[in-house]
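The numbering used here applies: residue 1026 is where the sequence shown begins, and numbers increase by one.
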Amino acid sequence: MKDLTKGNITKLILMFALPLLLGNVFQLFYNLADTRIVGQTLGKNAIAALGATSSVNTVIIGFLNGLTNGFALVTARFFGAKEFDRLKKSVAHALTLGVATAITLAALSLAFIDPLLRALNTPDNIFKQAKAYIVIILAGMIISMFYNICAGILRAVGDTVSPLIFLIISTIANIGLDLLFILGFKMGVEGAAYATLIAQGISVVLCIIYIIKKHRFLIPAKSDFRFNFKLAGDMYATGVSMGLMISLVGIGTVIMQGAINIFGTDIIVAHTTARKISEIFMLPISVFGAASATFSSQNYGAGRIDRVKVGVKKATLITWGWSVIVIAATWLFTPFFAHLITGISDPEIVGTVEKYMKINTAFYFILGIVIVFRNALQGVGDKITPIASSIIELLGKFAVAMILAPRMGYFGIMISEPLVWAGMAVMLGIGFAANKTFRRGNIADTAEQM
């Protein structure tokens, strides 16, 4: 448990973010293990099947994860204000609202999965594998929901180490289950999906046991589940805001995936590989955004607005330092990364990956501003500006799919994100400057903040 409302801001953000970063790295290993093992044992069509469904995963599972992260921000706010009775009620409401939403999303997504995959122009030669994989993942989304609620609650009170440990254990289990189901039981891409869900289930069980043993103050009583419409409304508004932010990004990705799928299997494989590398490179930036959200939420609850503003500045500078490292790594090691992740050595595919990465990473400085500002605004209760920035991203990707891709081919896809990030940064900068919370100060000791 870590109180982020007191102490050196840079140190607190780094100490909070480091376990979160490692945890997210191991979370990525779920997908990377699938990709590597699938690519090595089942071939490039199987990789393309996973890649063709990744955008669906981002929209639906991403919305649910964003929703539960939004719930956790309300919990962090109560923790910062030391209102523990309301904190327990927020945990109870997070569980109730999360379960209801997960069941609804699973039913709707499974009912319309065929039309969705067809709308994405999923090639016929990988359609069956793509559907088999994504149906299992969507059917098990309630497992992902429970983990994200448990981990989100722990992070809300400053504990990022425990979720990291549980993810390490479940990631090792996931790799072992991948090998067992794919190589041992010959289950194909379905085996990779089952391995992921079972491994996530292990992390859920570990989280629950740990909370019962070490953080009993987080466990709600029966009375805390009594529905409070005002609290539920605030939590759902915050959660939906974060969920839509992720989901709108995902919808834009879905639109772009449809355009990418037209270019054929080799481009799908190249794009999937480039996105896997990008996920790793973007991870620290996303983590410091998440750290900014929790840091801002705790300090907003405590009334420490000056600390929030300094935290945003420090987190942004850290992401810029990481951007320099990423650009150097991209120019030196992209072919190595491509082969390491997917086992692909085809010169044409690797060349496409390399070109995509060089264009993309050059604009990570702008991405750092987007991620940190957007999360900080979420942390202080701004539900509008982050969604508005995501709408810009959605419209930008739609324009790419409709205008740039048909005229410029895959190069239009390559330049899409940098163009979109620039527009979002402008929007978020305006929103940050206009936000009433950031325009007022407090009586906090400036020396302590620095």
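Ideal Cβ positions, reconstructed from N, Cα and C, are used throughout, including at glycine.
Practice prompt. Grab me the residues of S1187's own chain with a C-beta within less than 7 Å of its C-beta, minus the 5 sequence neighbours each way, in chain order.
Written response: Counted from its first residue, the sequence shown places residue 1187 at position 162. Its chain contains L1179 and Y1235 as the residues whose beta carbon lies nearer than 7 Å to that of S1187, once the 5 sequence neighbours on both sides are disregarded; these appear in chain order.
Worksheet item: Between G1127 and M1170, which are expected to be in contact by the criterion C-beta below 8 Å, what is the C-beta distance as a whole number of angstroms?
Response: Position 102 of the sequence shown, counting from 1, holds the residue named residue 1127. Position 145 of the sequence shown, counting from 1, holds the residue named residue 1170. Note that residue 1127 is Ala in the sequence shown here, rather than Gly. Right, the Cβ-Cβ distance comes to about 4 Å (below 8 Å), so this counts as a contact.
Item to complete: Could you pull the start and end residues of the alpha helix (DSSP H) that V1186 belongs to?
Response: Mapped onto the sequence shown, residue 1186 falls at position 161. Residues V1186 to D1203.
Discussion item. Quick check: the region 1065-1076 against the region 1353-1360, are at least 3 beta-carbon pairs closer than 8 Å?
Written reply: Not touching, per the Cβ criterion.
Discussion item. Check this for me: beta carbons of A1262 and L1122, under 9 Å apart or not?
Written reply: As a position in the sequence shown, residue 1262 is number 237, starting the count at 1. As a position in the sequence shown, residue 1122 is number 97, starting the count at 1. No.
Worksheet item: How is G1478 classed by DSSP in three states: helix, strand or coil?
Response: For residue 1478 there is no data in the structure shown, the boundaries of the chain being 1026 and 1475.
Discussion item. Taking the straight line between their C-alpha atoms, what separation do you get for A1198 and I1237?
Written reply: Within the sequence shown, numbered from 1, the residue matching residue 1198 stands at position 173. Within the sequence shown, numbered from 1, the residue matching residue 1237 stands at position 212. Approximately 23 Å, taken between the alpha carbons.
Item to complete: For the alpha helix (DSSP H) holding V1116, just list the boundary residues, first then last.
Response: Taking the first residue of the sequence shown as position 1, residue 1116 is located at position 91. Counting along the chain, V1116 sits inside the alpha helix (DSSP H) bounded by residues F1109 to A1136.
Worksheet item: According to the neighbour-count rule (16 or more other Cβ atoms, all chains shown, within 10 Å of its Cβ), is T1129 buried or exposed?
Response: Residue mapping note: residue 1129 aligns to position 104 of the sequence shown, counting from 1. By the Cβ neighbour-count rule, T1129 is exposed, with fewer than 16 other Cβ atoms within 10 Å of its own.
Practice prompt. Could you say which of A1144, A1042, K1153 and I1244 lies nearest to L1112 if we only look at CA atoms?
Written response: Residue numbering aside, residue 1112 sits at position 87 when the sequence shown is read from its first letter. Checking every option, the nearest Cα to that of L1112 belongs to I1244.
Worksheet item: How is S1370 classed by DSSP in three states: helix, strand or coil?
Response: On the sequence shown, residue 1370 is found 345 positions in, with the first residue counted as 1. In this structure, S1370 counts as coil in the three-state DSSP scheme.
Worksheet item: CA-CA distance, R1432 and K1114?
Response: Here residue 1432 refers to the residue found at position 407 when the sequence shown is read from its first residue. Here residue 1114 refers to the residue found at position 89 when the sequence shown is read from its first residue. So the alpha carbons of these two residues sit roughly 54 Å apart.
Worksheet item: In terms of residue numbering, what span does the alpha helix (DSSP H) encompassing P1148 cover?
Response: Taking the sequence shown and counting its residues from 1, the one referred to as residue 1148 is at position 123. Looking at the DSSP string, P1148 is not in any alpha helix (DSSP H), and its letter there is neither H nor E.
Discussion item. Can you list, in chain order, the residues of its chain with a C-beta nearer than 8 Å to that of M1267? Leave out the 5 residues immediately preceding and following it.
Written reply: Here residue 1267 refers to the residue found at position 242 when the sequence shown is read from its first residue. Cβ within range, chain order: G1091, L1092, N1094, G1095, L1098, Q1403 and P1411.
Practice prompt. Report yes if the C-beta of I1236 is less than 8 Å from at least one heavy atom of the ligand PLP; otherwise report no.
Written response: Looking at this structure, you won't find the ligand PLP or any other ligand, since it has none at all.
Worksheet item: How about I1193 and I1310: do their beta carbons lie closer than 9 Å?
Response: Indexing the sequence shown from 1 puts residue 1193 at position 168. Indexing the sequence shown from 1 puts residue 1310 at position 285. Taking 9 Å as the Cβ cut-off, I1193 and I1310 do not qualify as a contacting pair.
Worksheet item: From what residue to what residue does the alpha helix (DSSP H) around M1449 run?
Response: Start at 1 with the first residue of the sequence shown, and residue 1449 comes out as number 424. From DSSP, the alpha helix (DSSP H) with M1449 extends over S1441 to A1459.
Practice prompt. Establish whether the CB of F1390 and some CB of chain B are separated by less than 9 Å.
Written response: Checking the listed chains, one finds no chain B in this structure; it contains a single protein chain.
Worksheet item: If we count the other Cβ atoms within 10 Å of its Cβ and call it buried at 16 or more, is I1468 buried or exposed?
Response: If you number the sequence shown from 1, residue 1468 lands on position 443. Model confidence at I1468 stands at a pLDDT of 41, short of 50, so the residue's coordinates are unreliable; what they give is reported in the following sentence. With fewer than 16 other beta carbons inside 10 angstroms of its own, I1468 counts as exposed.
Fill in: Cα-Cα separation, I1293 to G1076
Walking along the sequence shown from the start, residue 1293 turns up at place 268. Walking along the sequence shown from the start, residue 1076 turns up at place 51. For the pair I1293 and G1076, the Cα-to-Cα distance works out to about 7 Å.
Discussion item. Going by C-alpha to C-alpha distance, which of A1131, F1109 and E1108 sits closest to F1088?
Written reply: Position 63 of the sequence shown, counted from the first residue, corresponds to residue 1088. It is A1131.
Discussion item. Can you find the residues in the same chain that come closer than 7 Å, C-beta to C-beta, to A1340, ignoring five residues on each side of it along the sequence?
Written reply: Locating residue 1340 in the sequence shown gives position 315, where the first residue counts as 1. Excluding residues up to 5 positions away in sequence, I1038, F1313, A1316, S1317 and V1397 lie with their Cβ nearer than 7 Å to the Cβ of A1340 in the same chain.
Worksheet item: Measuring CA to CA, which of G1393, E1442, A1217 and Y1435 is closest to F1454?
Response: Reading the sequence shown from its first residue, position 429 is the one you call residue 1454. Note that residue 1454 is Gly in the sequence shown, not Phe. Considering only alpha carbons, the answer is G1393.
Item to complete: Would you mind working out which of I1086, G1289 and T1278 sits nearest A1073, comparing C-alpha positions?
Response: On the sequence shown, position 48 is the one that residue 1073 refers to. Comparing alpha-carbon positions, the option among I1086, G1289 and T1278 lying closest to A1073 turns out to be G1289.
Worksheet entry | Environment of E1442 [buried if 16+ CB atoms lie within 10 Å] | Along the sequence shown, read from residue 1 onward, the residue named residue 1442 stands at position 417. Label assigned to E1442: buried.
Item to complete: Can you grab the Cα-Cα spacing for the pair N1146 / S1228, in whole Å?
Response: In the sequence shown, counting from the first residue as 1, residue 1146 sits at position 121. In the sequence shown, counting from the first residue as 1, residue 1228 sits at position 203. If you draw a straight line from the Cα of N1146 to the Cα of S1228, it comes to about 35 Å.
Worksheet item: Looking at the structure shown, is A1299 part of a helix, part of a strand, or coil, going by DSSP?
Response: Taking the first residue of the sequence shown as 1, we reach residue 1299 at position 274. In the three-state DSSP reduction, A1299 falls in the helix class (H, G or I).
Fill in: Buried versus exposed call for L1189 [16 or more other C-beta atoms within 10 Å across all chains shown]
Locating residue 1189 in the sequence shown gives position 164, where the first residue counts as 1. Burial call: buried.
Fill in: Rounded C-alpha distance that separates F1390 from F1320
Indexing the sequence shown from 1 puts residue 1390 at position 365. Indexing the sequence shown from 1 puts residue 1320 at position 295. Cα-Cα distance, rounded: 21 Å.
Worksheet item: If you run the structure through DSSP and keep just helix, strand and coil, what is T1035?
Response: Your numbering for residue 1035 matches position 10 in the sequence shown. DSSP places T1035 in helix when its eight states are reduced to three.
Practice prompt. Given a cut-off of 9 Å, decide if I1366 and L1204 are closer than it, judged by their beta-carbon atoms.
Written response: Position 179 of the sequence shown holds residue 1204. Position 341 of the sequence shown holds residue 1366. Going by C-beta atoms, L1204 is not nearer than 9 Å to I1366.
Worksheet item: Is S1272 buried or exposed, if buried means 16 or more other CB atoms sit within 10 Å of its CB?
Response: The residue you call residue 1272 lines up with position 247 of the sequence shown. By the 10 Å Cβ count, S1272 comes out buried.
Worksheet entry | 6 Å Cβ shell around I1417 - same chain, five flanking residues per side excluded | Residue 1417 sits at position 392 when you count from the first residue of the sequence shown. Cβ within range, chain order: G1448, M1449 and M1452.
Worksheet item: In whole angstroms, what separates the C-alpha of V1124 from that of K1422?
Response: Translated into positions along the sequence shown, residue 1124 becomes position 99. Translated into positions along the sequence shown, residue 1422 becomes position 397. Rounded to whole angstroms, V1124 and K1422 show a C-alpha spacing of 31 Å.
Discussion item. The alpha helix (DSSP H) that contains A1217, what's its start and end?
Written reply: Here residue 1217 refers to the residue found at position 192 when the sequence shown is read from its first residue. Taken as a continuous stretch (DSSP letters only), the alpha helix (DSSP H) holding A1217 covers V1214 to K1239.
Fill in: Proximity of S1322 and G1105 at Cβ, strictly below 9 Å
Taking the sequence shown and counting its residues from 1, the one referred to as residue 1322 is at position 297. Taking the sequence shown and counting its residues from 1, the one referred to as residue 1105 is at position 80. Yes, these two residues count as a Cβ contact at 9 Å.
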